[in-house]
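Visitor:
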Ligand SMILES: Nc1ncnc2c1ncn2[C@@H]1O[C@H](COP(=O)(O)OP(=O)(O)OP(=O)(O)O)[C@@H](O)[C@H]1O
Ligand SMILES: [Mg+2]
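Below, the structure written as structure tokens:
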């Protein structure tokens, strides 16, 4: 377990970069936290560390976006998914296998029952206007 205090979006991006440094570029990061907690912002930091040049946009209407970097980034946003059954039916469960590249999953709680081990959980909590508490944990 590790905890970070973020004082603004840029700091959250830097925390994202640090997580790639710490956990490597072949990883599943599961992001938990309410609306505007900073999940997408943190993914921007993951992307920056991977050298992704395209701008990360919130994939809310699309479940998955793929970005090219030194390693690929697969950005999933499950806000609109109701259950792991729906997730599997959409054919997305292949992204839960040992990844080549980073898989970042917003609203990972939607599929809590099928999340694999050997992932990194990232909990983002609102702690004031621009403040966030970000807790990370390697789940083995
Ligand atoms: N410390 C901070 N870290 C991250 N974002 C912050 C911070 N302080 C303020 N913000 C603002 O909060 C918002 C976070 O938006 P972001 O899209 O990253 O959240 P999200 O968790 O992905 O939301 P959603 O649930 O809608 O996907 C942005 O407007 C950002 O500028
Ligand atoms: Mg988001």
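Residue numbers (the working numbering): 168 to 307.
Think of the CB as a built atom: it goes at the ideal place given N, C-alpha and C, for glycine as much as any other residue.
Please read all numbers here as calculations on a predicted model, not as lab measurements.
So residue 208 and residue 176 are supposed to be a Cβ contact under 8 Å. How far apart are they, rounded?
Guide: The Cβ separation is near 5 Å, so the contact holds.
Visitor: How would you call residue 192, buried or exposed, if buried means at least 16 neighbouring beta carbons within 10 angstroms?
Guide: Under this definition residue 192 is a buried residue.
Visitor: Which of helix, strand or coil does DSSP assign to residue 171?
Guide: Note: residue 171 maps to strand in three-state DSSP.
Visitor: Report the option in 219, 298, 303, 305 whose CA atom is closest to the CA atom of residue 234.
Guide: Nearest option by C-alpha distance: 219.
Visitor: Along the chain, where does the beta strand (DSSP E) containing residue 271 start, and where does it finish?
Guide: 269-273 is the span of the beta strand (DSSP E), which, as asked, contains residue 271.
Visitor: Can the beta-carbon of residue 200 be found less than 8 Å from the beta-carbon of residue 214?
Guide: Contact: no.
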